[in-house]
Amino acid sequence: RSQPLVLGIESSCDETGVGIVRGTTLLTNTVSSSMDEHVRFGGVIPEIASRAHLDAFVPTLRQALADADVSLDDVDALAVTSGPGLAGALMVGVCAAKALAVATGKPLYAINHLVAHVGVGLLDGNPDGGAAAGRGAGRPASLAAGLGHGSRLPENLGALLVSGGHTEILKINSITSDVQLLGSTIDDAAGEAYDKVARILGLGYPGGPAIDRLARTGNAKAIRFPRGLSQPKYMGTAEEPGKHRYDWSFSGLKTAVARCVEQFEARGEDVPVADIAAAFQEAVVDVITSKAVLACREHGIKDVLLGGGVAANSRLRELTGQRCASAGIKLHVPPLDLCTDNGAMVAALGAQLVMAGIGPSGIRFAPDSSMP
Ligand code: KG4
Ligand code: ZN
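Residue numbers 3 to 374, in full-length UniProt numbering, belong to the letters of the sequence shown in order.
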């Protein structure tokens, strides 16, 4: 089968993304973010994000086509994130994709955003960041993606997705037909916890990078914050797993940080912001990595793909690397611009569906903000 040219559209949160792939080769990953417009509100405002997608879509599409040096006529199939995400934001990308499908007569594939985060690992490239593959192909190193296995993923692959919207551990039995959710957060996503705690500590938005930086100067052992859902009643045993053995909860942690700050203030003492940031980060990263590695070990997972914006976190990368190595699991971290939300991952998964001979979605599907 010849390699299909697929154009992918992403609009589930604050990034307007258009990516183009040919089979497993990435041609372009064009992203426009409305993050700057949300900063003064301390979080993504759905209404603003939706309007920004409206403004950004056509310019982003034009840029992507120019960068890849292709025309819409050349495209074999369109793919669009149909969920999960912000309802109004998804609506813009889905309507744009349907309009393109109607205007051009190209088949359209509705894509699950979370599975697409894993699909990005199918793009050709060097597993350790793609520098060599990228250079060879005459494009920036970061355009070469994750696993470097072409269209074949390793068997027993897991995916750890950690961002402002999701915290999940998945088992990928087949990327086109069988993705199993092993565990997820039951309340806030990890990135959301970073952002909320940064606000409590007066560090601004987005909070993840600020906490990551400040934590390097603090003592993570100065305070011990709770590791959510780690008690025996939630964990159970390998033979009899508890209901939340592989799940996370971060809202209690956020409350514990707020209490801690209040106590220092009530005593009239200076709040040790760096120590709190370091201890908070250690609590998040410890519980994410320990439960993810446990889920992998108990499901025979030998390779793990790390994705989502929090994959930028230095301590998460370090501890995930250490714990995976001790457990004999190979960790794959795609370049950061492919870890965060983008259109290339949507195109990559769309191409897999085309190559697997799976039919398109038509244009009657609706965006689903809470898609499982
Ligand atoms: O994947 P992403 O760009 O957007 C979605 O949420 O889907 O992730 C953004 C999240 C934000 O919550 C941000 O605070 C967090 O990723 N983040 C980080 C770091 N860089 C970004 N969290 C911790 N450490 C970082 N270095
Ligand atoms: Zn995402």
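Cβ coordinates follow ideal geometry from the N, Cα and C atoms, glycine included.
Helix, strand or coil at residue i according to DSSP, with G and I counted as helix
i	result
glycine 90	helix
lysine 100	helix
threonine 18	strand
arginine 24	strand
valine 312	helix
glutamine 5	coil
lysine 245	coil
leucine 145	Its pLDDT being 35, under 50, leucine 145 is placed unreliably in this model, and the coordinates cannot settle the point.
Check whether residue i and residue j have beta carbons under 9 Å apart
i	j	result
alanine 279	alanine 217	yes
alanine 224	alanine 212	no
glycine 10	alanine 349	yes
phenylalanine 227	glutamate 284	yes
alanine 118	leucine 110	no
isoleucine 365	asparagine 158	no
proline 6	alanine 66	no
leucine 255	phenylalanine 282	yes
serine 165	glycine 311	yes
Residue nearest to residue i in terms of C-alpha spacing, selected from the options
i	options	result
serine 84	Asp38, Ala103 and Ile113	Ile113
lysine 198	Ala101, Pro243, Gly44 and Gly107	Gly44
isoleucine 50	Val23, Asp343, Lys332 and Glu17	Glu17
asparagine 31	His301, Ala346 and Glu271	Ala346
histidine 301	Ala161, Ala105 and Met37	Ala161
glutamine 233	Asp190, His246 and Ala240	His246
alanine 327	Ser14, Asn221 and Thr291	Thr291
Span of the beta strand (DSSP E) around residue i
i	result
alanine 200	No beta strand (DSSP E) holds alanine 200; the alpha helix (DSSP H) holding it covers 192–202.
serine 73	First-last for serine 73: undefined, no H or E at that position.
leucine 80	79–85
Own chain residues within Cβ distance below 8 Å of residue i, not counting five before or after
i	result
aspartate 249	Gly185, Ser186, Thr187, Ile188, Leu231, Tyr236 and Lys293
serine 371	Gly85, Pro86, Gly87, Leu88, Ala89 and Leu92
histidine 40	Asp16, Val46, Ile47, Ile50, Ala51 and Tyr207
Beta-carbon contacts of residue i that lie in its chain and below 7 Å, excluding the five residues immediately before and after
i	result
threonine 178	Gln354, Leu355, Ala358 and Ile360
aspartate 57	none
glycine 140	Legend: pLDDT at glycine 140 = 32, less than 50; position of this residue unreliable, no value from coordinates given.
valine 273	Val263, Phe266 and Glu267
Residue span of the alpha helix (DSSP H) that contains residue i, given as start and end
i	result
lysine 256	253–268
glycine 210	209–217
glycine 166	First-last for glycine 166: undefined, no H or E at that position.
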